[in-house]
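Each residue of the sequence shown is one higher than the one before, counting from 73 in my numbering. Using N, Cα and C, we set each Cβ at its ideal position, and we do this for glycine too. Nothing here was measured: the structure is a model prediction, and the numbers come from that model.
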Amino acid sequence: MKRFCETEELNGSIHYLCSNASKFVTGIVVPIDGGFSAFSGV
73 MKRFCETEEL NGSIHYLCSN ASKFVTGIVV PIDGGFSAFS GV
């Protein structure tokens with residue numbers, strides 16, 4: 073996206089991780105990078 077994220081763009085992930093929807097999720101890394109890691113060869 074060629075830019076840094078806006079604070080509001082983190083809300084979806086934060087709400088998910090703080091909700092009961094993620095109660096069975098353990099040991100993951102959630103990349104919030106606008107697709108950078110998908111296209112940079114990381």
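**Asked** From G107 to E81, what does the alpha carbon distance come to, in whole angstroms?
**Response** What you label residue 107 is simply residue 35 of the sequence shown in a count that begins at 1. What you label residue 81 is simply residue 9 of the sequence shown in a count that begins at 1. Going from the Cα of G107 to the Cα of E81 covers about 13 Å.
>> If I follow the unbroken alpha helix (DSSP H) through L89, where does it start and stop?
In response: Against the sequence shown, residue 89 aligns to sequence position 17. N83 to C90 is the extent of the alpha helix (DSSP H) around L89.
**Message:** I'd like to check one pair, S85 with V97: are the Cβ atoms closer than 7 Å?
**Reply:** For this step, residue 97 is matched to residue 25 along the sequence shown. For this step, residue 85 is matched to residue 13 along the sequence shown. It is not a contact, given that the beta carbons lie outside the stated cut-off.
Neighbourhood of C77 by C-beta, 7 Å cutoff - its chain only, sequence neighbours within 5 removed
Indexing the sequence shown from 1 puts residue 77 at position 5. So the list reads I104 and G106, once near-sequence residues are dropped.
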